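S.K.:
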Amino acid sequence: MLKLFPKPAEHATAFAGLASVDDAARFFGLARLAAGAEMTAFEIIPRTGIEMVLRHGVQVRDPLETPHDWYVLIELSGREATGASDKCLENLLGEALEAEVIRDAALAASLAQRNDFWRLRELMSEVQRLEGGSIKHDISVPIARIPEFINRANDLVQVMVPGARTVPFGHYGDGNIHYNVSQPTGMDKDVFMAQWDTIAAGVYEIVRDLKGSISAEHGIGRMKRDMLKKVKSEVELDMMRQIKDLFDPKGILNPGKVL
Numbered sequence: 001m002l003k004l005f006p007k008p009a010e011h012a013t014a015f016a017g018l019a020s021v022d023d024a025a026r027f028f029g030l031a032r033l034a035a036g037a038e039m040t041a042f043e044i045i046p047r048t049g050i051e052m053v054l055r056h057g058v059q060v061r062d063p064l065e066t067p068h069d070w071y072v073l074i075e076l077s078g079r080e081a082t083g084a085s086d087k088c089l090e091n092l093l094g095e096a097l098e099a100e101v102i103r104d105a106a107l108a109a110s111l112a113q114r115n116d117f118w119r120l121r122e123l124m125s126e127v128q129r130l131e132g133g134s135i136k137h138d139i140s141v142p143i144a145r146i147p148e149f150i151n152r153a154n155d156l157v158q159v160m161v162p163g164a165r166t167v168p169f170g171h172y173g174d175g176n177i178h179y180n181v182s183q184p185t186g187m188d189k190d191v192f193m194a195q196w197d198t199i200a201a202g203v204y205e206i207v208r209d210l211k212g213s214i215s216a217e218h219g220i221g222r223m224k225r226d227m228l229k230k231v232k233s234e235v236e237l238d239m240m241r242q243i244k245d246l247f248d249p250k251g252i253l254n255p256g257k258v259l
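Residues in the sequence shown are numbered consecutively from 1, following this note's numbering.
#1: Write down the C-beta distance between residue 23 and residue 141 rounded to the nearest angstrom, noting that I regard them as a contact closer than 8 Å.
#2: Does the distance from the C-beta atom of residue 10 to that of residue 85 stay below 8 Å?
#3: Do you know how far the Cα of residue 108 is from the Cα of residue 62?
#4: Is the separation between the beta-carbon of residue 97 and that of residue 88 shorter than 8 Å?
#5: Excluding the five sequence neighbours on either side, which residues of its own chain have a C-beta within less than 6 Å of the C-beta of residue 130, listed in chain order?
#6: Is the Cβ-Cβ distance between residue 30 and residue 95 less than 8 Å?
#7: If residue 151 and residue 72 are in contact, beta carbons under 8 Å, what's the gap, nearest whole angstrom?
#8: Which whole-angstrom value is the C-beta distance of residue 172 and residue 15, which I expect to be below 8 Å?
#9: Whose C-beta lies closer than 7 Å to the C-beta of residue 120 among residues of the same chain, with five residues either side of it excluded?
#10: Residue 8 to residue 32, Cα distance in whole Å?
#11: How should residue 124 be labelled, buried or exposed, when 16 other C-beta atoms within 10 angstroms of its C-beta is the threshold for buried?
#12: For residue 198, which residues from the same chain have a beta carbon less than 8 Å from its beta carbon, with the 5 sequence-adjacent residues on both sides left out?
#13: Comparing alpha-carbon positions, which option in 239, 79, 148, 250 lies nearest residue 38?
#14: Quick one: what does DSSP say residue 174 is sitting in, helix, strand or coil?
#15: Output yes or no for whether 8 Å exceeds the beta carbon distance between residue 184 and residue 153.
#16: Between which two residues does the beta strand (DSSP E) harbouring residue 13 extend?
#17: What residue does the beta strand (DSSP E) around residue 69 start on, and which one ends it?
#18: Would you mind stating whether residue 167 and residue 128 have Cβ atoms separated by less than 8 Å?
#19: Grouping DSSP H, G and I as helix and E and B as strand, with all else coil, what is residue 115?
This is how it looks when you write it as structure tokens:
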């Protein structure tokens, strides 16, 4: 289903610090009640990712004075430039602070500060390659199960590779999480990357258990082709083949991929 909305006339943006990913779920609930469709971004980011950006990013700064285990980059967009979005977000942050859902927050006071907030988020993928080996997963699960997925996956990864640095971040509002795992500090990159299949299988098993998808934003290529058979029925696979054949009957577009 495609939904169209008017071009926003104003934005209100904030960076909030939280104690846990479970608090992010509570904050999302408050934000959805307060802002409805005007909430156009709700990005979760772990402290691990922020520290990577601070180490490698240019012209970046810590978003809040005190470090927090988790962050949310939230943005509201208004149809009219009345300042209502700023007021709504300010009230939301106050309510969340009072309820101890968030620990601290900074409301962007200028376009430059808004851009600084978004730069932290946009550098998240780029800086991970500078930290050594990175095993990446682009998954989605029902919104209500996001905290459970992250907590279970983090625990599993630590059992598989003690000291691995997990960087789960992404679009909370549509259930899309980039679940990336960076090598432990000091570990040989090749030794770590050899764990790719084992880690991916474990992560995808949790995704399947939570009724999610192993490919949220991208198609299915060679890496996930075999795994797809474990998470999709024959009926679903047949439909995917038919769609591919409809648009690419000669198999010349992106050959070797599924969809």
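Beta carbons are placed, not taken as given, at the ideal position from N, Cα and C, and that holds for glycine.
Computed from a predicted structure; not experimentally measured.
M.R.: According to the structure data:
#1: With a Cβ gap of about 18 Å, residue 23 and residue 141 do not count as contacting.
#2: In this structure, the beta-carbon distance from residue 10 to residue 85 falls below 8 Å.
#3: Roughly 14 Å between the two C-alpha positions.
#4: No, the pair does not count as a contact, with Cβ atoms beyond the cut-off.
#5: Correct list, in chain order: 56.
#6: In this structure, residue 95 lies closer than 8 Å to residue 30 by Cβ.
#7: Between the beta-carbon of residue 151 and that of residue 72 there is about 17 Å, and that puts the pair past the 8 Å contact cut.
#8: With a contact defined as Cβ atoms closer than 8 Å, residue 172 and residue 15 miss out at about 14 Å.
#9: Cβ neighbours of residue 120 within its own chain (closer than 7 Å, five residues either side excluded): 50, 53, 60, 63.
#10: The straight-line gap from Cα to Cα measures roughly 18 Å.
#11: Residue 124 counts as buried, since at least 16 other C-beta atoms from the protein chains shown sit within 10 angstroms of its C-beta.
#12: If we look at residue 198 and ignore the five residues flanking it on each side, its Cβ neighbours are 160.
#13: Out of 239, 79, 148, 250, the CA that lies nearest to the CA of residue 38 is found in 79.
#14: Residue state for residue 174 is assigned as helix, using DSSP reduced to three classes.
#15: Note that the C-beta distance between residue 184 and residue 153 is not below 8 Å.
#16: For residue 13, the enclosing beta strand (DSSP E) has its first and last residue at 10–18.
#17: Neither: residue 69 is in no beta strand (DSSP E) and is coded neither H nor E.
#18: Against a cut-off of 8 Å, the Cβ pair of residue 128 and residue 167 comes out as a contact.
#19: DSSP places residue 115 within a helical segment (H, G or I) once states are collapsed to three.
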